[in-house]
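Q: After the structure tokens below, expect a handful of questions from me.
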Amino acid sequence: MFESTETSRILDILGNRNRRRILDLLRQKPCFVTEISDRLMISPKAVIEHLQLMEQERILSSFHDDRRRKYYCLTREIRIDVHLSNGDPVPLIQPAENLEGKYLVSLYTLARMIRARDRLAAELETIEREIDVKMNDIVRYSRNLLADEVEMDLVLALAHCTLTLRDLEEYTGLEAGPVERMLKDLIVKGIVEQNGNEYMLRGPYVKQSL
Numbered sequence: 001m002f003e004s005t006e007t008s009r010i011l012d013i014l015g016n017r018n019r020r021r022i023l024d025l026l027r028q029k030p031c032f033v034t035e036i037s038d039r040l041m042i043s044p045k046a047v048i049e050h051l052q053l054m055e056q057e058r059i060l061s062s063f064h065d066d067r068r069r070k071y072y073c074l075t076r077e078i079r080i081d082v083h084l085s086n087g088d089p090v091p092l093i094q095p096a097e098n099l100e101g102k103y104l105v106s107l108y109t110l111a112r113m114i115r116a117r118d119r120l121a122a123e124l125e126t127i128e129r130e131i132d133v134k135m136n137d138i139v140r141y142s143r144n145l146l147a148d149e150v151e152m153d154l155v156l157a158l159a160h161c162t163l164t165l166r167d168l169e170e171y172t173g174l175e176a177g178p179v180e181r182m183l184k185d186l187i188v189k190g191i192v193e194q195n196g197n198e199y200m201l202r203g204p205y206v207k208q209s210l
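Residue 56 in full-length UniProt numbering sits at position 56 of the sequence shown, and the numbers go up by one each step.
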């Protein structure tokens, strides 16, 4: 059984929709940061923050594969039962005078939402195809520009958003020294730039490569 303070912390964690989505994904299989970010369309930085919080609460644990990639998995399953106190029963049928109007409004709203969803799905499908094309380009160009797959992972992470050295350590599962050396190499190559303690893709380099 959870202590009351622990239960409160768990409820706070589960109150975030993206953390619930991450847990649902990890129920299927262990995943690494990039995989979670791509599947759920959440920035790597946000994914890392969610994972660190849940790992601190021992909801998740992590391990490294042969390539030093850090995988996360569920440490324990969480089940929450909600019991509502007895009260006045909620009527299952609305008053007749309001039912037809509310039905038509709901039906119209549903139709509008379905059309919007279909438009977004079509746009997303187009974007996914374009991403696949660019990913193939990146893999092809990386053979000549990058030292190994870890450097490519760093570049892809920075394609999502700016990240700190600590974020990239967590992302790769490597210590600060090797990550910092790779970042310096990418800066020399003109692919990455540093602004304070954050790293990002270099703008002019991206424009020249498109």
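Even glycine gets a Cβ: it sits at the ideal position worked out from N, Cα and C.
(1) Buried or exposed: where does residue 179 fall if 16 or more other Cβ atoms within 10 Å of its Cβ makes it buried?
(2) Which residues in the same chain as residue 135 place their Cβ atom closer than 7 Å to its Cβ, once the five residues preceding and following it in sequence are excluded?
(3) Could you tell me the alpha carbon to alpha carbon distance between residue 161 and residue 121, rounded to whole angstroms?
(4) If we ignore side chains and look at the alpha-carbon of each, how far apart do residue 49 and residue 26 end up?
(5) Between which two residues does the beta strand (DSSP E) carrying residue 60 extend?
(6) Could you give the C-beta distance for residue 177 and residue 64, rounded to a whole number, given that I count them as a contact under 8 Å?
(7) Apart from the five residues on each side of it in sequence, which residues of its chain come closer than 8 Å, Cβ to Cβ, to residue 145?
(8) Check the DSSP bridge columns for residue 200 and list the partner residues they point to.
(9) Under DSSP, the alpha helix (DSSP H) around residue 184 begins and ends at which residues?
(10) Name the one or two DSSP bridge partners that residue 164 has.
(11) State the DSSP-derived secondary structure class of residue 29, mapped to helix, strand or coil.
(12) With which residues is residue 74 paired in a DSSP beta bridge?
(13) Between the C-alpha atoms of residue 42 and residue 60, what's the straight-line distance to the nearest angstrom?
(14) Can you find the residues in the same chain that come closer than 8 Å, C-beta to C-beta, to residue 197, ignoring five residues on each side of it along the sequence?
(15) Thinking C-alpha only, which one of 139, 72, 126, 202 is nearest residue 170?
(16) Going straight from the alpha carbon of residue 126 to that of residue 7, what length do you get?
(17) Measuring alpha carbon to alpha carbon, tell me which of 156, 152, 62, 193 ends up nearest residue 37.
A: Inspection of the coordinates gives the following:
(1) buried
(2) none
(3) 24 Å
(4) 16 Å
(5) 60 to 64
(6) Actually they are not in contact, since the Cβ atoms of residue 177 and residue 64 sit about 16 Å apart, beyond 8 Å.
(7) 189, 191
(8) 193
(9) 176 to 188
(10) 198
(11) coil
(12) 60
(13) 18 Å
(14) 164, 165
(15) 72
(16) 43 Å
(17) 156
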